[in-house]
Amino acid sequence: MAQNKTSETKASVTDFINAVKNETKRNDSLQIIKMLKELTGKEPQMWGPSIVGFGSYHYVYESGREGDMPLVGFSPRANALTLYLSTQFEKRDEFLEKLGKHKTGKGCLYINKLEDIDLDILQKTIGSHINHIRKTYPDTE
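Residue numbers (my numbering): 2 to 142.
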């Protein structure tokens, strides 16, 4: 079975964020890190070369594929700040409707800059995602 490309590494989160050239994106990333630390109670860790993750959980799909993922993660991508969230958490659609300017993809929430959105709604959105993962995967760290 194929190895999961997204795994925890020992790379420096600080070095990764400091390398973000766009100042707004770098400052927004620092604000997201602070929010995710508060919501998870975990320190940030690099997952693969470009995802900052907090905590972890082990998943097993019906197909037999399994692996570890961060409880919640984000990446300051070139086009947008990308948050990696479940698509099935409570009040997801309600929160996203109120969030402000954003896009979604399978398991991703794309935000251009934090000033485009309601940070309280973002916090509620991420909190609901975290609760969903912790209920679904009770051994979540």
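For glycine and all other residues, C-beta sits at the position ideal for the given N, C-alpha and C.
Helix, strand or coil: which one does DSSP assign to T83?
Strand at T83.
Count the other CB atoms within 10 Å of the CB of I127; is the residue buried (16 or more) or exposed (fewer)?
I127 should be labelled buried.
Mapping the DSSP letters down to three states, classify V61 as helix, strand or coil.
In the displayed model, V61 falls within a strand according to three-state DSSP.
Residue range of the beta strand (DSSP E) that includes Q46:
For Q46, the enclosing beta strand (DSSP E) starts and ends at 45–48.
How would you call T165, buried or exposed, if buried means at least 16 neighbouring beta carbons within 10 angstroms?
Outside the shown range of the chain, which is 2 to 142, sits residue 165, and nothing can be said about it.
Tell me whether D119 sits in a helix, a strand or coil according to DSSP, three-state version.
Looking at D119 - three-state DSSP - the assignment turns out to be coil, as it is neither helix nor strand.
What does the alpha-carbon distance come out to for the pair T7 and L72?
Across the structure, T7 and L72 are spaced so that their CA atoms are roughly 13 Å apart.
Contact set for I134: own chain, Cβ-Cβ below 7 Å, skip 5 residues either direction
Same-chain partners within the cutoff: Y58, L72, S87, T141.
Taking the alpha carbon of Y111 as the reference point, which residue from S76, Y138, E44 has its own alpha carbon closest?
Taking only the C-alpha atoms, the option nearest Y111 is S76.
Find out if the Cβ-Cβ distance for the pair F96, K125 is shorter than 8 Å.
A contact, by the Cβ cut-off of 8 Å.
Could you tell me if P143 is buried or exposed, where buried requires 16 or more neighbouring beta carbons within 10 angstroms of its beta carbon?
The displayed coordinates of the chain run from 2 to 142. Any statement about residue 143 would go beyond what the structure contains.
Please classify D29 as buried or exposed, where buried requires at least 16 other C-beta atoms within 10 Å of its C-beta.
D29 comes out buried.
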